[in-house]
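Numbered according to this note's numbering, the sequence shown spans residues 16 to 230. To keep things clear, I will list the structure first and then write my remarks on it.
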Amino acid sequence: MNQVPAYWLAAIVSGEPSYELKAQGYWTAGKLEESKNPIQYNDGITDWSGVNLRFTGALLQALLASEKNLGGDAVATTKASIDRNHEILERQRLLVWHMIHAAFGSGAKTSPFVDDMRWRFREMPYPKLAFDVDHRLEADFCMSPYPNVPWKNDWTTSDRTNTLNQYPVFELPVDVNYFKQHPIYAASGGVESPGVEYLHAYWFARAQGLLTEND
């Protein structure tokens, strides 16, 4: 899949027909593969690093398509892919997917998802500290039937408790990237973490008109 944006970008920058021809060939194969492999989400479990890599890829593809509508269907195909993946993840409160859905998918800037995106931003604590919260003691806690990241095969020796609920950011384990986190119970240890991803997401939302200086 890396050949698609590489040749696509080269075609836009250089205007060289050979790059566009190569990009078109990879695009034809790549869009078919992508249509068969949407983001997987089952009962509170998904590959969360893959979710964010897919967001990055979709964003790059949308930006490239806006400059050169490869094959005449790149804009529509990218939009449909974003919509499909957002539908799978829409209840997980992943603000980056709410953003790209509104900016390059079928979402409206006035949709409930954009409002939820704004609330997700507001939940970001500063200083970026987290404390241990055992959600299993809460009445609304709903256990997932699967451990978190079961493919690591360490859930018999480590705490991989997972929940179907997504909690406010200030109740999640602290991390260098909050927006890739999943609805999991975990001990944070009260550590502090930088918040650069907050600024990346914030200015992207501002650039796309999804946030104003007063939000």
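All C-beta atoms, glycine included, are put in the ideal place defined by N, C-alpha and C.
**Prompt:** Once you ignore the five residues that flank Met139 on each side, which residues in its own chain have a CB closer than 6 Å to its CB?
**Reply:** Same-chain partners within the cutoff: Val184 and Tyr213.
**Request:** Can you grab the Cα-Cα spacing for the pair Tyr182 / Asp174, in whole Å?
**Result:** If you take the alpha carbons of Tyr182 and Asp174, they lie about 18 Å apart.
**Bridge-paired residues (DSSP) for Ile60** = Answer is Asn57.
**Alpha-carbon spacing of Thr92 relative to Glu31, whole angstroms** = If you draw a straight line from the Cα of Thr92 to the Cα of Glu31, it is about 24 Å long.
**Message:** Tell me whether the segment 158-175 and the segment 105-119 touch, counting them as touching only if at least three CB pairs, one residue from each stretch, are closer than 8 Å.
**Reply:** No: the two stretches stay apart, fewer than three of their Cβ pairs being nearer than 8 Å.
**Request:** Compare the beta carbon distance of Leu225 and Lys94 with 8 Å and say whether it is the shorter of the two.
**Result:** Against a cut-off of 8 Å, the Cβ pair of Lys94 and Leu225 comes out as no contact.
**Message:** Quick check: the Cα distance between Trp166 and Ile60, rounded to an integer number of angstroms?
**Reply:** Rounded to whole angstroms, Trp166 to Ile60 spans 11 Å at the Cα level.
**Prompt:** Of all the alpha helix (DSSP H) runs that stay within the bounds of the segment 25-112, which reach a length of 4 or more residues?
**Reply:** Within the segment 25-112, the complete alpha helix (DSSP H) runs of at least 4 residues are 32-51, 63-82 and 89-104.
**Request:** With DSSP collapsed to three states, give me the class of Met139.
**Result:** Three-state DSSP puts Met139 in coil, outside helix and strand.
**Prompt:** The alpha helix (DSSP H) spanning Ala216 covers which residue range?
**Reply:** Boundaries of the alpha helix (DSSP H) around Ala216: Val211 to Ala222.
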